[in-house]
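In this note's numbering, the protein residues as written are 13 to 379.
C-beta atoms are modelled at their ideal positions from N, C-alpha and C, and glycine is treated no differently.
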Amino acid sequence: MKKLPNSLWILLGSLIALGAFLFLDLDRKEEPLVWDLKLQTIRYGDLTFEKQSSFKGESYYTSFSIDGNSYRYRASTTVPNLFRDFEELKMQGLYVFDDQIKKLFPEDPFSESEETRCLELVPASEPAFKLCALKKDQGGKVFAVASRPDNAEEAYLIAGYTLDRLDSDRSSFLERRVFLYPTASSTMEMQVTLQGVLDNSASFQPFSVDLFRREKKQEDRTLMVWMDDKGREISPQFSNPLDTVIRQYQIAFFDFEYDIDTEAQWASARPLLTARMVAGQDGEEVDTMSVEVRKPEQILKVKDKEVLLMKSPEMEGVQLIDLDNVKRTIGYIQGIQGELSALPASHPGGQSHPEGQPNPGGQGETH
């Protein structure tokens with residue numbers, strides 16, 4: 013048998029090594045992983061991202077300091093994505109951390125420098141370590157090294173955008189929404205109470221209504237409509253946008269963006285409305301959320317935008333909400349108030365409440 017030249021053996025060995033690299037993770041059919049970890053904390057500069065696990069699932073928080081003051085908020089959806097990226101860090105190239113690559117990094121590759129970005133990763137079951145990557149990319153990829161013992165003397169090419177996002181404006185890591193509905197859920201009940209109006213001189217009657225999402229048979233179709241607890245159907249021109257606008261309530265400005273004592277303002281503010289939203293999935297209640305809005309004694313403006321005060325168990329402290337969103341909410345509530353005042357006290361048989369369907373007010377529901 014003829015002996016193969018050394019060059020062919022080298023080529024064959026290289027192909028085997030390349031194949032092993034490309035197919036390290038056959039199930040994923042993606043780039044192989046540098047590691048597969050469960051992280052608790054990610055630190056980058058003055059930013060700290062936390063993940064907390066409970067029987068309800070995982071919650072994420074962002075914290076930082078400005079001028080000696082510490083701030084902590086619920087995290088936006090950007091943060092879970094960061095955790096996913098760094099827990100299963102994908103590599104697009106694996107190298108020995110030799111002299112040729114070392115000269116691209118500072119003398120201490122894990123020290124702060126203008127050439128690199130460094131972050132600290134805190135796993136759940138092993139010591140914290142640093143991941144440092146060059147800022148200069150090579151075709152959208154950057155060299156990275158880790159101070160983790162399992163990854164010693166190795167360098168990786170990873171996607172540059174993985175770390176680019178860390179330099180985004182800090183507000184992009186903060187959750188503005190008041191209500192975080194569980195995945196695939198929608199509002200099955202909303203209870204709203206109007207306690208005041210924006211114009212102090214306007215005539216006003218307090219009003220409260222409990223609305224339920226119900227099925228309604230119409231010819232060969234089944235529609236979803238809103239009914240009150242007496243079975244009276246509410247016009248979709250008021251009920252649907254009311255659900256939408258309340259679900260879209262969000263923090264207009266974070267407290268590091270203004271110098272207002274919102275707690276003191278809240279104590280003297282005039283109540284406007286409260287809303288209680290019940291999220292459901294497949295007819296089953298999965299979460300209940302609430303919010304209260306008040307109008308401060310004096311007009312409040314931040315960056316030339318007029319704001320009101322809101323408080324919710326879903327958020328920490330008193331937050332600011334855009335005036336226009338509340339104005340729309342009050343308009344829809346008053347539309348329902350006017351509509352119901354013109355209807356009988358209970359649904360006329362078979363007109364607004366479909367025949368053969370139970371009365372929502374008589375089902376013994378928990379409101």
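As DSSP reads the structure, Ser-251 sits in no beta bridge.
Around the C-beta of Tyr-72, 16 or more other C-beta atoms lie within 10 Å, and the residue is accordingly described as buried. In the three-state scheme derived from DSSP, where H, G and I count as helix and E and B as strand, Trp-238 is classed as strand. DSSP places Gly-292 inside the beta strand (DSSP E), whose first and last residues are 282-293. With contacts defined by Cβ atoms closer than 8 Å, Arg-288 and Met-202 form a contacting pair. Look at Val-338 here: in three-state DSSP terms it is helix.
Burial check for Val-108: the Cβ neighbour count within 10 Å stays below 16, so the residue is exposed. Remark: C-beta atoms of Glu-304 and Met-322 approach each other more closely than 8 Å. Ranked by Cα distance from Lys-153, the first of Phe-141, Leu-131, Asp-176 is Asp-176.
The straight-line gap separating the alpha-carbon atoms of Ser-353 and Gln-249 is approximately 16 Å. The Cβ-Cβ distance between Glu-297 and Met-200 falls below 8 Å.
Counting only the Cα atoms, Phe-216 lies some 58 Å from Cys-130. Inter-segment contact for the stretch 160-173 and the stretch 77-94 is absent: fewer than three beta-carbon pairs are separated by less than 8 Å. An exposed status is given to Arg-96, since fewer than 16 other beta-carbon atoms sit within 10 Å of its beta-carbon.
Straight-line measurement puts the Cα of Phe-76 at about 11 Å from the Cα of Glu-62. Ala-354 carries a coil assignment under DSSP once its states are collapsed to helix, strand and coil. A distance below 8 Å separates the beta carbons of Glu-99 and Lys-50.
In the structure shown, Tyr-344 adopts helical secondary structure according to DSSP, grouped into three states. Here the alpha carbons of Ser-213 and Glu-245 stand approximately 32 Å from one another.
Per DSSP, Glu-138 lies in no beta strand (DSSP E) and is assigned neither H nor E.
Taking 8 Å as the cut-off, the beta carbon of Pro-283 is found closer than this to the beta carbon of Arg-306. Listed in chain order, the non-local C-beta contacts of Leu-254 below 6 Å within the same chain comprise Tyr-344, local neighbours out to five positions each way being set aside. Boundaries of the beta strand (DSSP E) around Leu-206: 198-206.
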